[in-house]
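Residue numbers for the sequence shown follow the numbering used here, so the first one is -3 and each next one is one higher.
Virtual Cβ for every residue (Gly too), placed ideally from N, Cα, C.
These notes concern the structure reproduced below.
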Amino acid sequence: MNYQKSIQTGHINDPTLDLVMPLPLTTEPLDVFQLTGSRSDLAVNLLESVFAGKLNMELLPDFKTGKLLFEQQVESNNRTHLYGGHWLWFGFPLIQYADYKQQWLAPLWLWPLKLKAPAEADGGWTMSLAEPVSSQPNPRLDQLFREKLDWDETDPWWQSITSRPFDLKTFSELVNSLIAKLKIDSPSQSVSISPWSGEDLGLSKKKQLRLHWSGFIGSFPPAFPRTQERTEATSVSTEQTMLDHPFGMLSRDPWQETAFQTAASAPGTVIVGTGGSGKTTLLVDMLINALSKGERCLIVSERLENLREIQTALIGMGLGHFALLLQRAPEEAQLVRQLLIQAAKTRKKNSFQINIFTTRLQKLLDKKKELDEFYQAVNKPILGPYTWTQTVGLYLAAARMESKALLGSQLNAQDFVLAYDQYQTIYTQLSPCQALFDELKTLNHPLTVLNAGIFVHQDQEEARHFILSRIDEFMEAGEALQYRFIVAQNDYGDQLVERYEQQYRQFSAQVSRLQETIGQYKRLYGRDPLESKKATLKLYARFSDKFRKTLAAKEDIARAYEQLEANMKEQAIFNFAFVPEENRHILNQLQNNLASLQLQLQDWREQLSLSVQDELIRLSSKTVHADLAGYQVVGELEEALDLLISRINDSGLLQLPLENKTLTVPRRQRYLEEIIEKLDRIRFNMRDFDRFYQWQRHWFGLPGEARRIISALVKVKPNDWAAAFSSWYLHHRLLQTADSDLAEILPDLAELVEPLQLWRKKLIDQISDVCMDRRNDWLQKLKKEDKKRYEQLVQKKGKELPDDPKVLKKTVSHFFPALITSPYFLDDYLVEGEVYDRIFIDEAHILNADLLEVLKTKAERTVVFLHPDMAGQEMMNRIRRLGWPVTELQGNYRHVLPEEQVDEVGGRYNPRLQINDEEARKLLSLLNIIEETPQRTLPRVAIVCLTRSQRNLMVQYMDRIKKHRMSGVEKIQQLERNGMGVYVPDELPGLHVDMVILSCTFAPENVKDKVTLDLELLDTQYAPGLVELLRSRASRQIMVLHSIPENELKKLNRERSDGNGLELARWLLSIGTGDATHHIQPSEESQIHPLAQEIAWHIADQVRTDRLAFNIPFGPANIPMTVSPLRSGAARAVLLNGFLSETSAAAYEWELTQQQALRKAGYDLQPVWSTLWWKRTAQEAAKFSDEVNVISQEEE
């Protein structure tokens, strides 16, 4: 990047130049050695002269350096003319800083310079110190050192220098202390001067700080405001200052009124508007209101032209003696003292009657409150940006299609408190949702069991593959497991049958043997001996061998029976009642018991299949017979089923997890079969997958409230889901926010406006009264605290005292409650620690965003005015972070552009010098043909060039003409006396002239070339909205000189999508064909008001639609709807609730003016009431139709 180009193009949107005041890192700086022809002795001599305060050096630079000096001179002269103050400085030495985000180079100290061009072609430049401007430290570095380099001392870094000018030794001590404190890398500890090396430190995590004993010459802001620490509150000294009201001297339009009301309470407000939207008018009216309430205000703008315009407005109203314009002119300090002395002599008039003023004001406030309540009731926003009345229109549109009762039967409106974005989301989703639902016809499709994540996170084909592959996998595993269950249960049943058969044979054989044993013993020994008691047999056994054998037989029968009983009880195949032990000696009873057991065994065997089935039903790992072979299979089956269920759940296939709560094997098998059936059903219904996927993907993207609403809509089956939802929800929203006391007659606005206009006649007197009270209070306080300064101020006899800066600043703040100045000079007369009530920042789009942060600390409340299309992205981002409300002015008070003329010069563009000499010469010739205005004066002219080099060339040509008294010198001098200047686009904001002559500069570089690529500079050097800026500067005429062939303009128009280059091409083409619009900003076609649209629909069967018209432009607003007469007569202008506007705040004076203008334009006013249309739509439609269909008696 070329250094000199950077210096010249550095404007207020360039944070590297005008905020921190560093210089770009480059290898081609304009430093002292370049001025002195690289001679060290001359450089040292220049430095010593600067410190001695006696610089007056003649320079003989080479051609290139001379050109750069001329550019610096033009740049600084323009800045002084536009911004005020002094802008050309010598900076020495240089501090270089780098960290991980940025690097910069900044001068440590600044000396004001004055350059004088050579009188002759071979002469030299004269460079001297610009008196009476003093040298100063770089005003930005103190805060920069604190933010970046942890400077923690209370005093600023330059505090040790108490007087200026100072010598090299004092300055050396200051720099060395700074080097030690901040640990700056410096090549030398003594003051010296050397060429700038162009070193680039590079970005790094570690902070780097280096001192260079080099000096630059360039344009720097003369000052920079400091962040204000609030240690003293603004005082209110008189009763009159307690007045609080929303009135000013000027009539506001609805957008201005909305901005005014917003700024009345917010700590910060941003008011945006294009050129001619009334920003400055509103600023002045807000200032008048603030002064009436006793507030002290700062009015800040970079451009002196804006500040002078505001001062002129105050002077025109009779308040100029309470406003002070500061521009850092050389004699400004003395002028301020004279103004203070003059103001101190001014006496308060006693004719103002505050009681009558406040009584009338209270009546105005009461009437305004009454009107505000009526207006707000129907214009309050209740649904995002939609007002109550607009919502009525939306409701009627929906209710035409579907009744509110449909959803009312299914849902409770109290359960649905939706924010506007939620309502919008649901409303916009319902129509596509209904279309998707119509393909499925159900919310309970078999595929709804699938996991939602499949439809949310996978595309359609991926989801299809996933589902089918998982189903196949689990179906295969499930069917295999099902077969294992079947086989296992069958094998287990077979084993049970075999076991039970074996048990039957065992017990049946045991019973039969016992029966045979009893019969054999009975035949051998007889019944009676066998039935004898054991003791008797033992007695006889001593004497008889027979009885001994009988006793042995008896004991054998007893043991066999006991063994049978034990085996039966051990096996527990069924319950049986054995003979009690005391009766077992009775053989008949024993034989009968065995016979009964045999029969029961036979019965049990016959029921064996049922027993096995019963055991299979109860089969589980806890009931399985562990003595059967392969009993472990039951447990394995249970584990296999649990594992399969776990796999299915973990796969993410199903929405709800499978849960197995069954215990027995058959039930587990049935549950497995249910799983298989579910999977099979999913696979079967995959034929609907394409439609179902779209539905589910949409469904899961809906909020919970929307799903509940859709579920209800499915039940009531309306034809239009969105309309059914809208009519239901909007009706209940209107019901919740309706005002029951809303009037239904057109309010008489004259009852407020006429007394207000009378009251305004005393407003200036009231402001003067408040301001004079503040002055007198301060004078009385000063008289008590510092009588000598009081006497000096009121010009009584006394000794002349040196100024006390704090007393001077406090006197300024009390004498001049409206302080008008540049942001750079703001601290000149601000008391440290004291803040104003309000600061108004005009043309804020040309300010640096960081400067806004500093300015907002100067007052309790901040009001920012800016052009939305010209504000940089950084500024808009900063405003968003601050969270300040943004209101837009939509009025257009500059309806017609000046006359536009174009002349294709056919010049060639020099890319090295960035000039177009043919256009410059053509422009000079045009100056000679400029004619006087009807007032017999020459117009004020602004010459605009699209490159700085072209601007400098024009200045050079005009200087040559004046110097050599060439042809046209008188016209140029006359135009300059009338305010002519030569500018580039970023110098135009705030400038208003009669005529603009534009040199487009860019052109082909030779006969065969296309238009130069340097055209891209229009987007890189200038903010968006260049063409609008150019077209809005002149009030009478714009003359455009360009050298771009028509085919190249058309090519630019085709190939570019946006940017200043495209806008310029379109503008030039439109002027050339005579189709240039004469409006600053063509308004886009407005949408028809929802209520007006519904009124038209409801009366369509009684009023011909060709009689209706919508959004008819009328002044700065649109009539929502007009109805032409049935045959002849006046058309009717439909006013919604009696008002033309629908902003958040009403401008009643403007409304009355518009109503009077409508009647004067031949309209009859037709007010309609939104509450009645909401409650009684059919009756109001009939009434409206009857009124507009009336035929006059003459027509009859």
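Cα-Cα separation between residue i and residue j, rounded to whole angstroms
{"i": "residue 19", "j": "residue 100", "result": "At residue 19, the pLDDT of 48 sits below 50, so the modelled position is not reliable; the number obtained from the coordinates is stated separately. Cα to Cα, residue 19 sits roughly 7 angstroms from residue 100."}
{"i": "residue 959", "j": "residue 81", "result": "27 angstroms"}
{"i": "residue 1063", "j": "residue 1023", "result": "8 angstroms"}
{"i": "residue 126", "j": "residue 71", "result": "16 angstroms"}
{"i": "residue 518", "j": "residue 596", "result": "25 angstroms"}
{"i": "residue 304", "j": "residue 59", "result": "39 angstroms"}
{"i": "residue 338", "j": "residue 789", "result": "9 angstroms"}
{"i": "residue 264", "j": "residue 860", "result": "8 angstroms"}
{"i": "residue 822", "j": "residue 221", "result": "6 angstroms"}
{"i": "residue 886", "j": "residue 1112", "result": "8 angstroms"}
{"i": "residue 630", "j": "residue 444", "result": "34 angstroms"}
{"i": "residue 186", "j": "residue 105", "result": "16 angstroms"}
{"i": "residue 665", "j": "residue 565", "result": "34 angstroms"}
{"i": "residue 945", "j": "residue 310", "result": "39 angstroms"}
Residue j beta carbon less than 7 angstroms from that of residue i
{"i": "residue 484", "j": "residue 633", "result": "yes"}
{"i": "residue 1120", "j": "residue 1127", "result": "yes"}
{"i": "residue 75", "j": "residue 182", "result": "no"}
{"i": "residue 426", "j": "residue 717", "result": "yes"}
{"i": "residue 95", "j": "residue 203", "result": "yes"}
{"i": "residue 675", "j": "residue 470", "result": "yes"}
{"i": "residue 90", "j": "residue 103", "result": "yes"}
{"i": "residue 360", "j": "residue 751", "result": "yes"}
Option in the options with minimal Cα separation from residue i
{"i": "residue 904", "options": "725, 250, 1007, 680", "result": "1007"}
{"i": "residue 957", "options": "419, 968, 947", "result": "968"}
{"i": "residue 449", "options": "726, 650, 814, 922", "result": "650"}
{"i": "residue 836", "options": "224, 498, 854, 858", "result": "858"}
{"i": "residue 301", "options": "1067, 908, 321, 851", "result": "321"}
{"i": "residue 900", "options": "907, 469, 912", "result": "912"}
{"i": "residue 520", "options": "506, 511, 493, 549", "result": "549"}
{"i": "residue 242", "options": "249, 257, 251", "result": "257"}
{"i": "residue 1041", "options": "1002, 297, 57", "result": "1002"}
{"i": "residue 477", "options": "413, 441, 639", "result": "639"}
{"i": "residue 151", "options": "186, 174, 613", "result": "174"}
Where residue i sits in the DSSP three-state scheme
{"i": "residue 494", "result": "helix"}
{"i": "residue 550", "result": "helix"}
{"i": "residue 961", "result": "coil"}
{"i": "residue 1031", "result": "strand"}
{"i": "residue 58", "result": "coil"}
{"i": "residue 976", "result": "coil"}
{"i": "residue 899", "result": "strand"}
{"i": "residue 406", "result": "coil"}
{"i": "residue 800", "result": "coil"}
{"i": "residue 1177", "result": "helix"}
{"i": "residue 86", "result": "strand"}
{"i": "residue 762", "result": "helix"}
{"i": "residue 93", "result": "strand"}
{"i": "residue 504", "result": "helix"}
{"i": "residue 186", "result": "coil"}
{"i": "residue 121", "result": "strand"}
At least 3 beta-carbon pairs within less than 8 angstroms: the stretch 838 to 851 vs the stretch 340 to 347: no
Three or more C-beta pairs below 8 angstroms linking the stretch 689 to 699 and the stretch 629 to 647: no
Inter-stretch contact at 8 angstroms, needing at least 3 Cβ pairs: the stretch 933 to 941 / the stretch 979 to 987: They touch, by the three-pair rule.
Inter-stretch contact (C-beta, 8 angstroms, three-pair minimum) for the stretch 717 to 727 and the stretch 499 to 512: no
Given 8 angstroms, three or more beta-carbon pairs between the stretch 863 to 870 and the stretch 1008 to 1021: yes
Sufficient close CB pairs (3 or more, under 8 angstroms) joining the stretch 1088 to 1099 to the stretch 1170 to 1182: yes
Inter-stretch contact at 8 angstroms, needing at least 3 Cβ pairs: the stretch 1044 to 1063 / the stretch 912 to 923: no
Cβ pair count under 8 angstroms reaching 3, the stretch 804 to 813 against the stretch 370 to 388: no
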